[in-house]
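Residue 3 is where the sequence shown starts when you use our numbering, and the numbers rise one by one after that.
Glycine included, C-beta positions come from ideal geometry on N, C-alpha and C.
Reviewing the structure listed below.
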Amino acid sequence: MKHLRIITLSLIPWLLMALTGVRTKTVKIYSITQNFGTETRELEQSTVVRYNSGGQTLDSTLYVHNIPLNSKYVYISGPREGVRLIRTPNQHFLMQFKYEYDLSRQLVSKTLYTHPDSLKWKEFYKFDEFGRLRKKTRFDPSKAINNEKNIPMGNLDNLVENLQEAMIAESRDAEDEAAAMIQKEIAAKIKEKGPMQMGWGEVFSYDQTGLILEHKELYDGFVIEITTYRIDSLGVRNKEQEYFDPSLMSRTTYAYNPSGSLKEEISIGQFGRAIKSKSYEYDLYGRNIKVNTFRSDGTLMETLSRIYHDTESRITEILADSSKKLISRKEIRVDQYQRHIVEAHFDDKSHLIQKRTMTYDLKGWLIQINNYDMLRPGKDDEIIPISVITYEYE
Numbered sequence: 003m004k005h006l007r008i009i010t011l012s013l014i015p016w017l018l019m020a021l022t023g024v025r026t027k028t029v030k031i032y033s034i035t036q037n038f039g040t041e042t043r044e045l046e047q048s049t050v051v052r053y054n055s056g057g058q059t060l061d062s063t064l065y066v067h068n069i070p071l072n073s074k075y076v077y078i079s080g081p082r083e084g085v086r087l088i089r090t091p092n093q094h095f096l097m098q099f100k101y102e103y104d105l106s107r108q109l110v111s112k113t114l115y116t117h118p119d120s121l122k123w124k125e126f127y128k129f130d131e132f133g134r135l136r137k138k139t140r141f142d143p144s145k146a147i148n149n150e151k152n153i154p155m156g157n158l159d160n161l162v163e164n165l166q167e168a169m170i171a172e173s174r175d176a177e178d179e180a181a182a183m184i185q186k187e188i189a190a191k192i193k194e195k196g197p198m199q200m201g202w203g204e205v206f207s208y209d210q211t212g213l214i215l216e217h218k219e220l221y222d223g224f225v226i227e228i229t230t231y232r233i234d235s236l237g238v239r240n241k242e243q244e245y246f247d248p249s250l251m252s253r254t255t256y257a258y259n260p261s262g263s264l265k266e267e268i269s270i271g272q273f274g275r276a277i278k279s280k281s282y283e284y285d286l287y288g289r290n291i292k293v294n295t296f297r298s299d300g301t302l303m304e305t306l307s308r309i310y311h312d313t314e315s316r317i318t319e320i321l322a323d324s325s326k327k328l329i330s331r332k333e334i335r336v337d338q339y340q341r342h343i344v345e346a347h348f349d350d351k352s353h354l355i356q357k358r359t360m361t362y363d364l365k366g367w368l369i370q371i372n373n374y375d376m377l378r379p380g381k382d383d384e385i386i387p388i389s390v391i392t393y394e395y396e
């Protein structure tokens, strides 16, 4: 006997963009150098982030601009021996993240590509009925060995109808011919992709006695986790064993306290090996005041404590090891909207080693971050930034 639950990915991203429009944010990272009194700013990296009109991230692409010389030039032997310029790109693709959402506009998956067609890993997200993240699973599809085929999808036509209704709700004009055409394209795309590419699902199977329960978790049609339970006379499930597909890279589960704040997170790696866990504590105002990080064996590794100086618009973060020895300290200045405007980093000897300043525009959007190396003197003892990060919105 089987019970199947499948969560479907909602919209093909480019179709969603066609209906709702796209906004972009470009993040540029410049390195700052100073030679003989001359300050030089060189663009090193840029990230282009695209959003739909609802503010959801569609994709994020990272480019590098400081191309290595061996990628620009080649040595030619023969009569015209010498170095030749082979290409002059102003940017080089490094990686891209793509995001997919369900019909309720909730994030379902994130995918990393290191080349336009080279998938490195895919990460799925599961939320509870309150919209809180409960589970995050990352795996490498190229290493997955358990492909569950022929899973019944149910009535696909009903899925398409629900999807079309959601698209109509998104449209400002239900009679818009363009929206209707997009709905047809989505329906065709879903049927073309088939159920195996529609997201994550769960299969619950009982044996003939009804005492053994097998729980399979599927992602893009691959069985990544199998948990077997034995049910006792009181109907309580007792975990007997767990199986993890070799493709699993990491899995993090999240638990919350009665007030809805994150209480604990536990991370495992390949083959289900424990990596680390964290616990969170809060003050009476619901602000996080402590994060304890534990090793794989459960022993305390480090503690991050936060102290809020409300009258001074300042937050102190103290990182200490298990023996309470200081590792580092960070002082944060916030503005009236509780946005970070200055971050000062101190080492274990309380020496100021780095500073960051943040600037916002009139809309409240972050537009620039300056990073300063406080140990590197500038001209006339003036501290110059070692890098500048700019944010451009369209």
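Output needed for residue i: all residues of its chain with C-beta closer than 8 angstroms, excluding positions within five of it in sequence on either side, in chain order.
i, result
"residue 233", "212, 213, 214, 215, 239, 240"
"residue 303", "278, 295, 296, 297, 323, 324"
"residue 159", "Confidence in residue 159 is poor, its pLDDT being 49 and thus under 50, which makes the residue's placement unreliable; the coordinate value appears in the next sentence. Excluding sequence neighbours, residue 159 sits near nothing in its chain."
State the beta-bridge partners of residue i as determined by DSSP.
i, result
"residue 292", "283, 307"
"residue 252", "140"
"residue 367", "Paired residue(s): none; residue 367 is not in a bridge."
"residue 94", "66"
"residue 100", "61, 113"
"residue 358", "345, 373"
"residue 276", "270"
"residue 260", "Residue 260 pairs with nothing; no bridge assigned."
"residue 148", "DSSP lists no partner for residue 148."
"residue 29", "49, 393"
Grab me the residues of residue i's own chain with a C-beta within less than 7 angstroms of its C-beta, minus the 5 sequence neighbours each way, in chain order.
i, result
"residue 402", "The chain is shown only over 3 to 396; residue 402 falls outside these bounds and no answer can be derived."
"residue 126", "110, 111, 139, 202, 221"
"residue 375", "356, 388"
Determine the closest residue to residue i out of the options, with distance taken between C-alpha atoms.
i, options, result
"residue 326", "305, 345, 344, 104", "305"
"residue 150", "93, 129, 222", "222"
"residue 276", "323, 328, 246", "246"
"residue 353", "328, 116, 367, 365", "328"
"residue 118", "67, 332, 62, 301", "62"
"residue 208", "231, 331, 99, 363", "231"
"residue 50", "43, 68, 31", "31"
"residue 52", "44, 255, 99", "99"
"residue 147", "227, 93, 92", "227"
"residue 364", "339, 58, 132", "339"
"residue 43", "389, 273, 358", "389"
"residue 372", "366, 54, 391", "391"
"residue 351", "124, 362, 330", "330"
"residue 366", "395, 281, 242, 120", "395"
"residue 57", "107, 93, 95", "107"
"residue 272", "248, 284, 237, 224", "248"
"residue 301", "315, 280, 307", "280"
"residue 143", "120, 130, 132", "120"
"residue 45", "68, 130, 307, 28", "68"
"residue 307", "299, 287, 314, 319", "319"
"residue 95", "105, 64, 104", "64"
"residue 299", "312, 287, 314, 269", "269"
"residue 251", "124, 257, 104", "124"
"residue 321", "293, 312, 314, 345", "293"
In chain order, what residues of the same chain have a beta carbon less than 6 angstroms from the beta carbon of residue i, not counting five sequence neighbours either side?
i, result
"residue 378", "none"
"residue 343", "335, 337, 360"
"residue 122", "114, 116"
"residue 47", "31, 66"
"residue 137", "128, 255"
"residue 347", "332, 355, 356"
"residue 285", "291"
"residue 369", "361, 363, 393"
Within the 8 angstroms Cβ cut-off, does residue i reach chain C?
i, result
"residue 309", "Of the chains in the structure shown, none is chain C; there is only one protein chain."
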